[in-house]
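Position one of the sequence shown corresponds to residue -7 (my numbering), numbered consecutively onward. For each residue, glycine too, the CB sits at the ideal point set by N, CA and C.
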Amino acid sequence: MRSKRSSLIAHRSSLRAVFSWPVRVYYEDTDAGGVVYYANYLRFLERARTEWLRARGFEQTALARERQVAFVVTSLSIGYLKPARFNDLLEATVEPVEFGASRITLSQRVLRGAEALVDARVALACVNTVSFKPVRIPRSLSDALVRHAATGKSPGDSG
């Protein structure tokens, strides 16, 4: 028998909320060809993940200090579709795909307007900051992430 929470996670495909973070391309982000150096897209995606957690009410430094947990990337699949150039205004998105006891899988994209430039799937594990062994995601955090994935509401949102 499934719990209400696991049923919510199982039926997430029609309920996902996408988080978006603006990214301006600076000269330092580009290579000799005048386009964003491929590894810099990983920085854009990391910033979006950090801001996604912050928007849900969770600071990574506080999670490490108070709960002794951190998220680490365990796998990454990325497709580079089109180049971005100096001064482009982009959006890096975060869309939860799957939640587990100690893992989160995200779909992330880098967009220029409606045009997809990068498409990535990122798997994260919650680990203890001392042992770096996997641990359960703190209940308050997992509840907030699942709630947002289902409703689009973050802590402090009314309704």
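Item                                                                                                               : Value
Cα-Cα separation, Arg113 to Ser99                                                                                  : 5 Å
Contact with chain B by Arg39, beta-carbon distance below 8 Å                                                      : The structure shown contains no chain B; it holds only a single protein chain.
Given Ser69 as reference, the closest of Asp80, Phe50, Val27, Leu37 once Cα atoms are compared                     : Leu37
Three-state class that DSSP yields for Val138 in the structure shown                                               : helix
Ala108 - containing beta strand (DSSP E), residue span                                                             : 107 to 120
Cβ pair count under 8 Å reaching 3, the region 128 to 137 against the region 104 to 112                            : no
Phe36, enclosing beta strand (DSSP E) - first and last residue                                                     : Phe36 -> not in any beta strand (DSSP E); alpha helix (DSSP H) instead, spanning 32 to 47.
Nonlocal neighbours in the same chain, by C-beta distance under 6 Å from Lys74, ignoring five residues either side : Leu109
Asp21, buried or exposed, once every other Cβ within 10 Å from all chains shown has been counted against 16        : buried
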